[in-house]
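Everything on this sheet refers to the single structure shown next.
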Amino acid sequence: MRLWAIVALTASALGGQRLSDLSTIPIPMRRGDALILGFLGAWERWDDENRSVRKLALKLRSQGLHAETLSNHKRGVSLELIRKVLDANRNGRLSDKERSSVHIVLYGQSLGGLAVVKLARELEAMNVPVLLTVQIDSIGLTDVTIPKNVVQAANLHQQSRFSLRGQDVIRAADPNRTRIIETKQFEYSVLDPSDRPETWARRRLGGGHAQMEADPAVWEHVEDLILNALKGLQ
Numbered sequence: 030m031r032l033w034a035i036v037a038l039t040a041s042a043l044g045g046q047r048l049s050d051l052s053t054i055p056i057p058m059r060r061g062d063a064l065i066l067g068f069l070g071a072w073e074r075w076d077d078e079n080r081s082v083r084k085l086a087l088k089l090r091s092q093g094l095h096a097e098t099l100s101n102h103k104r105g106v107s108l109e110l111i112r113k114v115l116d117a118n119r120n121g122r123l124s125d126k127e128r129s130s131v132h133i134v135l136y137g138q139s140l141g142g143l144a145v146v147k148l149a150r151e152l153e154a155m156n157v158p159v160l161l162t163v164q165i166d167s168i169g170l171t172d173v174t175i176p177k178n179v180v181q182a183a184n185l186h187q188q189s190r191f192s193l194r195g196q197d198v199i200r201a202a203d204p205n206r207t208r209i210i211e212t213k214q215f216e217y218s219v220l221d222p223s224d225r226p227e228t229w230a231r232r233r234l235g236g237g238h239a240q241m242e243a244d245p246a247v248w249e250h251v252e253d254l255i256l257n258a259l260k261g262l263q
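In my numbering, the protein residues as written are 30 to 263.
Following this line, the structure appears as structure tokens:
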């Protein structure tokens, strides 16, 4: 089967993701509200409730927060959402006041961590600030430097042998504008039978990368980082 056919079948299986799929987010949002966007890894469906990125978004939503998830290859959808969320007068243009009207939080795992940094850079080009970015075992070659429109950034990773390894360091493009609040390494060796990735492939081939994605302690920590950032606004 040719590559283009494989890509087409994969996209079809994923079902694609459109702005209309993110109907839980009010458009536009009220000034001072927070928009929390989580990006899944690999080619995982944006609404796969077995994935920890999605589980966290649903938990945050149950607390009254505006949280959604996206496929890591759908940054165009996230940009469209952010533009509409900020455009209070619906005139199709963002004023300086509108650009800073909503507090944006971005988090992502694996390739989703790379998507977080790429989206933050795209928002920098639009002069839109980002309150917090959190990378969870971020995989990529361009996810080291955090752009200057990000206020706070955190990086969680593992360095297990025989596994994909997340980015172990991040740095601020402008340390006077961006604070790296945490770089934390998690340790994994043997899978805990009581809490392991649910598929054979993840158990046998995923190593520490898959273990970290399935580790509740990681996601409780990400939740704390997000809630603490939002608490600081009150």
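Heads up, the beta-carbon is just placed ideally off N, CA and C, and yes, glycines get one too.
Check                                                                                                                                                                                             : Outcome
Residue 100 by DSSP, collapsed to three states: which one?                                                                                                                                        : strand
Taking residue 194 as the reference, which of 55, 241, 204 and 91 has the closest Cα?                                                                                                             : 241
Thinking C-alpha only, which one of 61, 133, 142 and 101 is nearest residue 199?                                                                                                                  : 142
Might you give, ordered along the chain, the residues of its own chain that have their beta carbon closer than 7 angstroms to the beta carbon of residue 172, omitting 5 neighbours on each side? : 142, 143, 146, 164 and 196
Going by DSSP, what residue range makes up the beta strand (DSSP E) through residue 121?                                                                                                          : Counting along the chain, residue 121 falls outside any beta strand (DSSP E), and DSSP gives it neither H nor E.
So, helix, strand or coil for residue 177, using DSSP?                                                                                                                                            : coil
List the endpoints of the continuous alpha helix (DSSP H) containing residue 255.                                                                                                                 : 245–260
Taking the runs of the alpha helix (DSSP H) that are 4 residues or longer, which of them lie wholly in the segment 126–171?                                                                       : 140–154
Return helix, strand or coil for residue 45, following the three-state DSSP convention.                                                                                                           : coil
Counting C-beta neighbours from all protein chains within 10 Å, is the total for residue 138 16 or more, i.e. buried, or is it exposed?                                                           : buried
What residue does the beta strand (DSSP E) around residue 194 start on, and which one ends it?                                                                                                    : From DSSP, residue 194 is part of no beta strand (DSSP E); its letter is neither H nor E.
Using a Cβ-Cβ cut-off of 7 angstroms (strictly less than) and excluding sequence neighbours within five positions of residue 48, which residues of its own chain qualify?                         : 106, 109 and 110
Please classify residue 52 as buried or exposed, where buried requires at least 16 neighbouring CB atoms within 10 angstroms.                                                                     : exposed
Using only the alpha-carbon positions, how far apart do residue 126 and residue 112 sit?                                                                                                          : 13 angstroms
Look at the alpha carbon of residue 132 and the alpha carbon of residue 54, and state the distance between them as a whole number of angstroms.                                                   : 14 angstroms
Whole angstroms is fine: what's the gap from residue 68's alpha carbon to residue 97's?                                                                                                           : 9 angstroms
Going by other Cβ atoms of all chains shown within 10 Å of its Cβ, with 16 needed for buried, is residue 181 buried or exposed?                                                                   : buried
Can you name the residues that DSSP bridges to residue 238?                                                                                                                                       : Bridge partners of residue 238: none, in fact.
Who are the Cβ neighbours of residue 76 in its own chain at under 8 angstroms, not counting the five residues just before and after it?                                                           : 50, 83 and 98
Tell me whether residue 214 is buried or exposed, calling it buried when 16 or more other Cβ atoms sit within 10 Å of its Cβ.                                                                     : exposed
Going along the chain, which residues of its own chain have a beta-carbon closer than 6 angstroms to the beta-carbon of residue 203, five neighbours each way excluded?                           : 177
From this set, 167, 155 and 63, which residue's C-alpha is nearest residue 95's C-alpha?                                                                                                          : 63
Grab the span of the alpha helix (DSSP H) containing residue 86 for me, first residue to last.                                                                                                    : 81–91
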